Amino acid sequence: MISYYVHSQKGLFVFIVLYAYLKGYSLQEVEDALRIRRSIIDCFERASLPSVSEDEKKRILHFVVVGGGPTGVEFAAELHDFLHEDLVKLFDKRITDFAEEKFKRDGINVKTGSMVVKVSDKSISLKERSTGEMKDLPYGMVVWSTGIGTRPVVMDFMKQIGQVNFIIHTCFLSSGNRRVMATDEWLRVEGVPNVYALGDCAMINQRKVMEDISAIFSKADKNKSGKLNVGDFAEVINDIIERYPQVELHLKSKKLKNFVELLQSNQDDAAKKATQLDIEKFKKALSEVDTKMKSLHVAAQQGEYLAKCFNMMKECEENPEGPIRFRDSGRHHFKPFRYKHLGPVCSTRW
């Protein structure tokens, strides 16, 4: 019997990662795949020795994959195919559930809601998050696929520009991710002119609507009356949605048809009938918008976006195509980067 074990987790301590690299295998380069293949063969050769007990054979042929993302999932599927066809003869919740059920049918045990706390020579220790219960799993090989760390050159650059202890509102999610550089919505590294970053080394530090709420109100209130009407909104709504993509996400989550409905959503019946809003009512209507921020990883689309911006640099300096600068005059030269979700791709061998 061959055992597989896919472990999904959210966070790890640094010492665990370093220790696991000594005991197991990472999966980042071609050389890693070759080492893993040799280790699999070695496990079968050791398990086939006549002096090896049944319990020891089970341990040696127990393969643990740490990490439930696309790399871990696809490796588990590839390992299953490799073993059963050659030797023995992650996403949307619906897809995740389907993948887990498929793995169960293939004899792959998917363990969620726990974290690795120790890796020894012959076993890996897990801790259940909900109960705190500890469990040891014997193994013959461990593959570590929980993600990649910060490259030294990136970390050195972050130290030089003072971003190591920088708190990033990562691509629509406020979190303290200190392993990546912070960029604005145009992929420009914050605090450094004419430097751009994309891919795993950077995250967009999406600006919050509430940080600019007074500037937005002032820009829309052209006659400086201290109140906004529907006509005032109509002139800036497209720029607001383009500059702050979380507004559109909020509209969809609340099933609101347009920005006017959003402005009326937190008002009483009398206020809804009113044709104007003051700054306080405007703030109240937009108070929950920034909660709809989420994290994205989109290196390919970012590369295409930057290439287009660079090729159109001179043209857009003369004829800006971006949204209004709410805290300044004029328009941004380019439209901010906007991610198009095409779904993650990883094979589980249906």
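Throughout the sequence shown, residue numbering follows UniProt numbering, covering 1 to 350 in sequence.
Every residue gets a Cβ at the ideal spot worked out from N, C-alpha and C, and that includes glycine.
Every value quoted in this text rests on a predicted model; they were computed, and no experiment measured them.
- At a Cβ-Cβ threshold of 7 Å, phenylalanine 75 and leucine 187 do not count as neighbours.
- Taking the Cβ atoms as the reference, cysteine 43 lies roughly 6 Å from methionine 141, within the contact range of under 8 Å.
- Between the alpha carbons of serine 123 and proline 50 lies a gap of roughly 22 Å.
- At a Cβ-Cβ threshold of 7 Å, aspartate 136 and serine 125 count as neighbours.
- For asparagine 311, the enclosing alpha helix (DSSP H) starts and ends at 299–311.
- Inter-segment contact for the segment 110–124 and the segment 61–73 is present: three or more beta-carbon pairs are separated by less than 8 Å.
- Per DSSP, the beta-bridge partners of glutamate 128 are Ser114.
- According to the DSSP assignment, methionine 158 belongs to no beta strand (DSSP E) but to the alpha helix (DSSP H) extending over 152–160.
- Contact between the segment 193–209 and the segment 319–335 is absent: fewer than three C-beta pairs spanning the two stretches fall below 8 Å.
- Rounded to whole angstroms, lysine 314 and glycine 113 show a C-alpha spacing of 51 Å.
- Secondary structure note for glutamine 246: its alpha helix (DSSP H) is the uninterrupted segment 246–253.
- Counting along the chain, the unbroken alpha helix (DSSP H) around isoleucine 36 starts and ends at 30–47.
- Under the DSSP definition of a beta bridge, glutamine 163 lacks any partner.
- Relative to the Cα of proline 193, the nearest Cα in the group Gly199, Cys201, Asp184, Asp200 belongs to Asp184.
- Here lysine 224 is not bridged, per DSSP, to any residue.
- Using a Cβ distance threshold of 7 Å, aspartate 278 and lysine 224 do not count as a contacting pair.
- A direct Cα-Cα distance of roughly 14 Å separates lysine 335 from glutamate 318.
- Comparing C-alpha distances from valine 189 to each of Ile213, Leu306, Phe282, Thr131 shows the shortest one belongs to Leu306.
- For a cut-off of 8 Å, the C-beta gap from leucine 251 to leucine 262 is around 6 Å, short enough to register as a contact.
- In the DSSP assignment, proline 70 falls within the alpha helix (DSSP H) that extends over 70–81.
- With contacts defined as CB atoms closer than 7 Å, proline 138 and arginine 59 qualify as a contacting pair.
- Short of 7 Å from the beta carbon of cysteine 316, and not among the five residues preceding or following it, lie these beta carbons of its own chain, in chain order: His333, Phe334.
- By the criterion of a C-beta distance shorter than 6 Å, valine 154 is surrounded in its chain by Cys201, once the five residues flanking it on both sides are discounted.
- Cβ contact annotation for glutamate 288 (same chain, cutoff 6 Å, sequence separation greater than five): none.
- The criterion of a C-beta distance shorter than 7 Å is satisfied by tyrosine 25 and isoleucine 36.
- In the three-state reduction of the DSSP assignment, aspartate 136 falls in the strand class, which pools E and B.
- Alanine 234 sits exposed, since fewer than 16 C-beta atoms from the chains shown fall within 10 Å of its C-beta.
- Around alanine 299, the same chain offers Leu198, Gly199 as residues with beta carbons nearer than 6 Å, after the five sequence neighbours per side are excluded.
- Close CB contacts of arginine 331 within its chain, under the 7 Å cut and outside five residues either way in sequence, are with Pro320, Gly322, Pro323, Ile324, Arg325 (chain order).
- Taking C-beta atoms as the reference points, isoleucine 161 and glycine 132 fail to come closer than 7 Å.
- In this chain, aspartate 212 is not harboured by any alpha helix (DSSP H), its DSSP state being neither H nor E.
- Cβ-Cβ distances below 7 Å link valine 247 to Val209, Ile240, Ile241, Val289 in the same chain, with the five nearest sequence neighbours on each side left out; the list follows chain order.
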